[in-house]
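J.: Just add 3 to the spot in the sequence shown (first one is 1) and you have the numbering used here.
All C-beta atoms in this analysis are idealised placements derived from N, C-alpha and C, irrespective of residue type, glycine included.
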Amino acid sequence: GNIGNTITWNSGQTTSTISTDQAGEYIVTVSDGGCPAYDTVVLSVVDLPVSELNQLLGVAPYCFNELETAILLEAGARNDYEYLWGTGETTPSITVDAPGTYLVEISAGSCFITDRITLMDYCPSTLYVPNTFTPDNDGLNDYFLAVGDYIANFEMYVYNRWGQLIFHSDNIYEGWDGTYSGNEVQIDTYVYKIYYDVNQPDLPPASLQKVGIVNVLK
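Right, here's the structure in full:
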């Protein structure tokens, strides 16, 4: 401002600058004792955009390996908004089929907000171990195999009734054929121990152990 000038705003302030968050027409009158000068500023206040991204979609994890339908992420449907996703897409909604954090920038004029959602991946581990098999080479149930999904660090040990180790495998797809040192074992009950890791939501894999018996029949 200029020293000696009289400044008057139509809002009542008499300072050289004012602050406001209200839309409207602001008129300032400046006088040095002679003819006054006027100026006008029209202020428009734009509300911040609003995101409609459903955060409930990120509460429960998804098994993306078994996902049948892509997940729809909708940030809104306002025609006066502009949308920019972290994927580069500029539509109000996108479909995704991978875990991760998805960001969207929503703009209304010069005002914008950023929203995000994190989709977690979790496929539950399962392990089934039969209690009987018949290694008679008839093509049916000839191998003692554990069956599982999303199992890691698998190791299986089989012992006879005297505690002697007669089979070991670190491959879940490799089963015992009912032999030891090239000879068929006798009809009997055998003990197995299985060590394996399973998935956990939001946590590192857990190491588990399973102990049981398997019957060899012919």
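Measuring CA to CA, which of Leu148, Thr94 and Thr98 is closest to glutamate 108?
T.: Start at 1 with the first residue of the sequence shown, and residue 108 comes out as number 105. Glutamate 108 has its Cα closest to that of Thr94, out of Leu148, Thr94 and Thr98.
J.: Out of Tyr125, Leu87 and Pro127, point me to the one whose CA is closest to serine 110's CA.
T.: Reading the sequence shown from its first residue, position 107 is the one you call residue 110. It is Leu87.
J.: Can we say the stretch 75-89 touches the stretch 17-31, given the rule of at least three CB pairs closer than 8 Å?
T.: Short answer: they don't touch.
J.: Taking the alpha carbon of asparagine 82 as the reference point, which residue from Asn202, Pro52 and Leu143 has its own alpha carbon closest?
T.: As a first step, residue 82 is located in the sequence shown; it is residue number 79 there, counting from the start. Among Asn202, Pro52 and Leu143, the Cα nearest to that of asparagine 82 belongs to Pro52.
J.: Using only CA atoms, which one of Ser47, Tyr125, Thr9 and Tyr183 lies nearest to cysteine 38?
T.: In the sequence shown, counting from the first residue as 1, residue 38 sits at position 35. Checking every option, the nearest Cα to that of cysteine 38 belongs to Thr9.
J.: Please report the residue range of the beta strand (DSSP E) in which arginine 81 lies.
T.: Counted from its first residue, the sequence shown places residue 81 at position 78. Counting along the chain, arginine 81 falls outside any beta strand (DSSP E), and DSSP gives it neither H nor E.
J.: Given that a residue counts as buried once 16 or more other Cβ atoms are within 10 Å of its Cβ, and exposed if not, what is tyrosine 65?
T.: Position 62 of the sequence shown, counted from the start, is the residue given in the question as residue 65. So tyrosine 65 counts as buried.
J.: With DSSP collapsed to three states, give me the class of glycine 4.
T.: Translated into positions along the sequence shown, residue 4 becomes position 1. With a pLDDT of 49 at glycine 4, under the threshold of 50, the predicted position of this residue should be treated as unreliable, though the coordinate-derived value follows. Of the three classes helix, strand and coil, the one that applies to glycine 4 here is coil, per DSSP.
J.: Once you ignore the five residues that flank glutamate 55 on each side, which residues in its own chain have a CB closer than 7 Å to its CB?
T.: Counting from 1 along the sequence shown, the entry for residue 55 is found at position 52. In the same chain as glutamate 55, and ignoring 5 residues on each side of it, the C-beta atoms closer than 7 Å to its own belong to Glu77, Ala78 and Gly79, in chain order.
J.: Return the chain-ordered ranges of every beta strand (DSSP E) run that is complete within the stretch 131-162 and spans a minimum of 3 residues.
T.: 150-152 and 154-162
J.: Going straight from the alpha carbon of threonine 117 to that of tyrosine 84, what length do you get?
T.: Translated into the one-based positions of the sequence shown, residue 117 becomes position 114. Translated into the one-based positions of the sequence shown, residue 84 becomes position 81. Approximately 13 Å between the Cα atoms of the pair.
J.: Which residues does DSSP list as the beta-bridge partners of asparagine 218?
T.: The residue labelled residue 218 in the question sits at position 215 within the sequence shown. Asparagine 218 pairs with Thr135 and Thr192.
J.: Exposed or buried, what is leucine 220 when buried is set at 16 or more other beta-carbons lying within 10 Å of its beta-carbon?
T.: Counting from 1 along the sequence shown, the entry for residue 220 is found at position 217. Exposed: under 16 other Cβ atoms inside 10 Å.
J.: Report the residue from Glu177, Tyr176 and Met123 whose alpha carbon sits nearest the alpha carbon of leucine 59.
T.: Looking up residue 59 in the sequence shown gives position 56. Cα-wise, what sits closest to leucine 59 is Met123.
J.: My output table needs one value for valine 58: the three-state DSSP class, helix, strand or coil.
T.: As a first step, residue 58 is located in the sequence shown; it is residue number 55 there, counting from the start. Residue identity check: residue 58 is glutamine in the sequence provided, not valine. Glutamine 58 falls in the helix class under three-state DSSP.
J.: Less than 9 Å between the C-beta atoms of phenylalanine 157 and tyrosine 199, yes or no?
T.: Numbered from its first residue, the sequence shown carries residue 157 at position 154. Numbered from its first residue, the sequence shown carries residue 199 at position 196. Their beta carbons are under 9 Å apart, which means phenylalanine 157 touches tyrosine 199 by this criterion.
J.: So, do the stretch 164-173 and the stretch 119-138 have three or more beta carbon pairs nearer to each other than 8 Å?
T.: Flag = no, the stretch 164-173 and the stretch 119-138 do not touch.
J.: From the DSSP output, in three-state form, read off glutamate 69 for me.
T.: Taking the first residue of the sequence shown as position 1, residue 69 is located at position 66. Assignment of glutamate 69 by DSSP, reduced to helix, strand and coil, places it in the helix class.
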